Amino acid sequence: MHDVPVHHHAPPTSFLRKHVFSLDHKVIGKQYYGLALIAVFVGMILSWLMRIHLGWTNLAIPGLQLLSKSGAPGGIITPEYYLQLMTMHATIMVFFVLTTAPFAAFGNYFLPIQVGAEDMPFPHFNMMSFWVTFIGFVVLMSSFFVGDGPTLGGWTQYAPLSAVGAVSGPGQGTGVVLWATAIAIFCIGQLLGSLNFITTTLDMRTRGMSMWRLPFSAWAWFITSIMGLTAFAVLMPACILLILDHVAGTSFFVPGNLVINGQIQPHSGGSTLLWQHLFWFFGHPEVYIAIVPGMGIVSHVLTPNLRRPLLSHRVMVYSMGALAVLSYMVYGHHMFVSGMNPVSSLVFSFPTLVITIPSTIVVLIWMGSLYGAKLRINSPSLFALGFISMFITGGISGFFLAQPSIDIMLHATYFVVGHFHLVMGVAAMFGIFAGTYFWFPKMFGRMMNETLGKIHFWLSFVGAYCIFMPFHYLGIAGNVRRYPAFTDDYLQPLIPLHRFITVAAVLTGIAQFIFLYNLVHSRFWGKPAPENPWEATSLEWSTPSSPPPFDNFGGKLPTVYHDPHQYGVEGASADYVMQTSPEQIKSGHDEA
Amino acid sequence: MSHADLTLEGYSAAIMPPAFSIPAKKMAMWLFIIADSATFAACLVAYGYLRVADAHWPRPFHSITNVAIMTVILVTSSLTMLFGIDAAKAGDKAKAVRWTMITAAGGILFALLHIREWLGLIDEGMRLFQNPWGSALFGASFFSITGLHLLHVTGGVIALIVVGIRYKGGRYNSDDLEITGLYWHFVDLVWMFVVPLVYLLNLSH
Amino acid sequence: MATAEAHRSSTGKYIVVYVCILAIAALQFVIAYSNLDGSQMLARMLVLATIEAALAVLFFMHLWMENRGLLWFVVILTGFVIFAMQYSWTDSFRLLNGVPWAK
Amino acid sequence: MAKLFAVTILLIAIGSAIPILRHTWDAPPDISTHGTLIDEQMSDTMVEAGISFLVSQILLAFFIWKFSSSRPSDKIKTFPGGAKTIVWAAFLLVGTEVLALGVFGVKAWANVYLTPPSANALPIQVQAEQFAFYFRYPGPDGTFGPVHPEMINGATENFFGIDQTNDADSKDDIVTAEMAIPVNREIHLLMHAKDVGHSFFVPELRVQQDFVPGLDLSVHFTATRIGRYEIVCTQLCGLGHYNMKAYLSVLSAQNYDDWLKKQAALQ
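Set out below in structure tokens:
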């Protein structure tokens, strides 16, 4: 190997620098992962509470009164507490799980390694990015314990419900301010992270690592960070304006002459649609911020398990790029019946439908690459294949929601809930799981338990379909979302279906504890991992040890000779050729 | 020397040349500028949206003198920043520091004039939530947009002074000065949009 | 790194750009006192501000002298994002006519 | 394992399609004139989405089944035509299919939102508040009186803030908590939000429109079947959101007139 030695900082020795305020991207990645893990279990338990309430409205949940005496007297969830739990579930999941885990956690850990760098260019920013995000999480969680609880306005916080203050409901005073503060802080964290990701990809690539030699996951993180850079930069001022409406008496999002609780509100001149425009301008890219890293991880996990490269590296990357571009042009499809100009609805409808094309290309590339492959079945590949199945199912319900005319029937029903849970919730979670099982050996030097992994997969896969497929039927029947109880006559026949979903959700949730057990157990007592357990080619499998040393490559930077996914290469000495292998090969499969 | 320093000094034997042939720090500043433009654009779009929707938007500004002086000061400080960077590139450290400090002084002057203007408006009864001339949103949008800009100016002045001193002490080099300059020019650039949109369109006739 | 000589000549260029920017700014102030209606004035203001900003970006911030790739990256990304934000205007105009019954 | 996985995907795909094919949980039957277009659009989309869903899931299952059991000596094969075929297929098949849906969908949307109500449509005002709907009928003079927000008072049941002593137009206005409309007569529904955002959703009527505070919108529709239906709120409006509803009675012309007279007497 023709590795070039570089001088490097000595690894830190103090506990604080090593584990808490670490500048090492690997530690920061693990910290993000830990945060996401805590957040996802909190979010999941909140969803349990909601589901149980929806199935059996008057069932007392023992101990819940300890969390909120007024919200759950005697353990029975009140309607407003249901909405507060729902808002927190959504906020936690969207921001602190689906953004942090696939993007910030894995991206931090593996992006620098995959481009062949010692670290990110701005380790201090990186550390700040995590701790700022952490503070955001703490601020958000604190709203459970402050005043009359967290906000009940939904994660979209539509004004004026969110902007007029405590008069509009429990948690709408302090709760909203804390919510908006947490999100604004979160935005700063992700901006810092995005800055680092982009500069890492552009400027830190090791010798021979051209842009087209970056693996899919690195490309996905790169594209995601460009979206993050601009989307979070818009949400932040929007949140600040919302806070101003609360604490400084401005009326950016509140029109005049509102009579709430018998009092005319002092606000005037603002616009509720303005909040929706600003929020969704961030909100739609956010959906892709959650899912594009998943697509990258799945491609990255699939290739070693297919023992062949995907049909086309470039088409895949261009498709992800196209999704990123389109994500800014379609945000209005969240607002078809919200009172937006009806002509705009049509204008937004077409780019939304066009999104089908890159999405289809991505799926077909995966499927076409499955054709004639030598598929290996293991926990990561199962989750990656599960991702594809979920992504197809969730994506196809987008056909309906992209059309304003059909949206008249389906807007704000469980159809929407089913759609986004499958496509950006469960699919993204499957991406996270695939990444976890795949990279765990590299991150901790130990293998995760395969049997438990497979059990976890089966329960999650079947469970997720049992939960979210019926959501579509509920939606078609007109079941409105964000209802803590179903009092309408026409919803009565649907309650048995809700109970079925609740049972499925509780069981699927329990299955996640298998994953948690597997994670913790394998961390300490797992089988020691071989150097390259998946016989993969990208740079993270060329580090001298697992986990990689402080400077990733042991004082030397690797040199890259090949495209990232060289499997089943004809005439090569083995079935696969590492990116760092100087072996001359005939690049057979990839046009890149 | 860390990996990051390698990219900064264009030491390219071990790594690929940076994508746009600029050091990582400069790239980061450009990325920050892109993000910040999105932030300001969102604020200005929000302001425009609310202003258009109100047929009786107040136009209370009588005089352009103050804002004209502020504009000249800010644009001039951009020019002095450039002189400082040029001197630094040419190796004339003392001159570079001098020009940087003059730039910072321009920033401080701008901020002081701005605060004086704010105090004047507050004196006339303008608040975030009300003003004597009409739509309450006038004060809200004026204070939040110019406030955000003022925050940027303040941050910029602090950055200029810190970087200037550290450059003098040898901890930072001319590139760092140039990157700080990029930020300073951006603050200037935002002002170029704030002036016509927030001030000139609200001028009383 | 450019030489000192190159910088001496760039000083002249900076001053030219500086004067141009101030001249355009002055033009804006003049327009502000004209009797144009709102949208006409706004259009002129925005065009002039964009020219000013372009001058600042290209010459003060040296984007013109950088790698062309950076120019395209910055201009296309920023331009696209800001452009994509402009969807909301139609709703703003609708607010003028859609006044609540109360008024 | 792979074969089991393939079978699972297959079973899930087929199992998911059965309730749709058997119409186990269907949208309530349409009672509006404009709803036919929406329903047609819905069923066209369902056919296309259903076919895409089944084909792709079955293909995924089939590939997983077929290509998971190769021996080490096997050579990998490439999908015929490679990525190029896929890109063309995506553009031509899916792209045109979905865009066609979009184009046809314009008609259904325009029919509701881009055509003005006819001149003789019956105007009815609806005001949404936390957590109730109130309706106002113009009375014999056919005009609504102005609304004074400061006069809104729940205790005196002046939900709209009508000044019935001074405003001539308001004197004969009829305010109700339940909505009644004559069958086969176009309704022009004028929507106003008193406090926060709400929505007006009648699944049978194929109408869903948010109330936007500060922006008074309107929708128009014609109901074709006599009956009693529920109006529900779909825009999160606070703690009582789930309980915010009203009834819509579609009555024969005669019954509607009687109802209106009865309501007028109650004012």
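Chains as they are written, first to last, in the working numbering: chain D, 110 to 701; chain B, 29 to 233; chain R, 749 to 851; chain E, 277 to 543.
Where a beta carbon is used, it is the ideal one built from N, C-alpha and C, also for glycine.
Just so we're clear, the structure is a prediction, and the values are computed from it rather than from any experiment.
- Between Pro364 (chain D) and the set E:His517, E:Lys537, E:Asp492, E:Gly503, the nearest pair of CA atoms involves E:Asp492.
- Annotation for Asp839 (chain R): the continuous alpha helix (DSSP H) segment containing it runs 837-845.
- Nearest CB-CB separation between Arg816 (chain R) and chain D: not below the 8 Å threshold.
- Contact with chain E is absent for Lys178 (chain D), since none of that chain's Cβ atoms lies less than 8 Å from the residue's Cβ.
- Non-local C-beta neighbours of Pro637 (chain D) in its own chain, meaning closer than 7 Å and more than five positions away in sequence, comprise Gly554, Arg555, ordered along the chain.
- Distance from the CA atom of Gly477 (chain D) to the CA atom of Tyr397 (chain D), rounded to whole angstroms, is 23 Å.
- Judged by DSSP secondary structure, His474 (chain E) falls within the beta strand (DSSP E) whose first and last residues are 474-478.
- In chain order, Ala213, Ser238 place their CB closer than 6 Å to the CB of Gly302 (chain D), counting only its own chain and leaving out the 5 sequence neighbours on each side.
- Beyond the five residues adjoining it in sequence on each side, Ala342 (chain D) comes within less than 8 Å, by CB distance, of Cys296, Leu300 in the same chain, given in chain order.
- Classified as buried, Leu228 (chain B) has 16 or more neighbouring CB atoms from the shown chains inside 10 Å of its CB.
- By the C-beta density criterion, Gln543 (chain E) is exposed, having fewer than 16 other C-beta atoms within 10 angstroms.
- In the assembly as shown, Asn558 (chain D) is a buried residue. Its beta-carbon has 16 or more other beta-carbons within 10 Å.
- In this structure, the straight-line span from the alpha carbon of Thr419 (chain E) to that of Leu466 (chain E) is close to 12 Å.
- In the assembly as shown, Tyr781 (chain R) is an exposed residue. Its beta-carbon has fewer than 16 other beta-carbons within 10 Å.
- Rounded to whole angstroms, His565 (chain D) and Met250 (chain D) show a C-alpha spacing of 28 Å.
- Counting along the chain, the unbroken beta strand (DSSP E) around Pro458 (chain E) starts and ends at 455-458.
- Between Leu188 (chain B) and Thr208 (chain B), the gap from beta carbon to beta carbon is short of 8 Å.
- When Cβ-Cβ separations below 8 Å define contact, Leu78 (chain B) makes contact with chain D.
- Minimum Cα-Cα distance from Ser840 (chain R) among the listed residues D:Gly371, D:Trp475, D:Phe362 corresponds to D:Phe362.
- Following the DSSP letters along the chain, one finds Gln385 (chain D) inside the alpha helix (DSSP H) bounded by residues 381-415.
- The segment 191-198 of chain D makes no contact with the segment 642-654 of chain D; the number of CB pairs closer than 8 Å stays below 3.
- Residues of the segment 448-461 of chain D with a C-beta less than 9 Å from any C-beta of chain R: Gly448, Met449, Asn450, Val452, Ser453, Val456, Phe457, listed in chain order.
- Against Asp203 (chain B), chain D offers no close residue; the least beta-carbon distance is about 14 Å (beta-carbon pairs closer than 8 Å).
- Counting only Cβ-Cβ distances below 8 Å, Ser106 (chain B) has contacts in chain R at Tyr766, Ala804, Phe808, in chain order.
- Rounded to the nearest whole angstrom, the C-alpha separation of Leu110 (chain B) and Phe808 (chain R) is 7 Å.
- Taking the Cα positions, Gly180 (chain D) is about 56 Å away from Ile92 (chain B).
- Distance from the CA atom of Ala289 (chain E) to the CA atom of Leu336 (chain E), rounded to whole angstroms, is 11 Å.
- Contact note: Phe367 (chain E) reaches chain D through Ile466, using a C-beta cutoff of 7 Å and chain order.
- Thr108 (chain B) is positioned such that its CB atom lies closer than 8 Å to that of Ile130 (chain B).
- Two segments are said to touch when three or more pairs of C-beta atoms, one from each, lie closer than 8 Å; by this definition the segment 370-382 of chain D does not touch the segment 175-186 of chain B.
- A Cβ-Cβ distance of about 14 Å is found for the pair Gly358 (chain E) and Leu479 (chain D), leaving them out of contact under the 8 Å criterion.
- Distances from the alpha-carbon of Ser106 (chain B) to those of B:Met220, B:Pro224, B:Val73, B:Ala63 put B:Met220 closest.
- The Cβ of Pro160 (chain B) sits no closer than 8 Å to any Cβ of chain D.
- Under a 10 Å Cβ-count criterion, Ser319 (chain E) is classified as exposed, with fewer than 16 other Cβ atoms of the shown protein chains found around its own Cβ.
- Chain-order list of chain B residues neighbouring Ala797 (chain R): Met220, Phe221, Pro224, by C-beta distance under 7 Å.
- In the DSSP annotation of this structure, the continuous segment of the alpha helix (DSSP H) that includes Tyr211 (chain B) starts and ends at 202-222.
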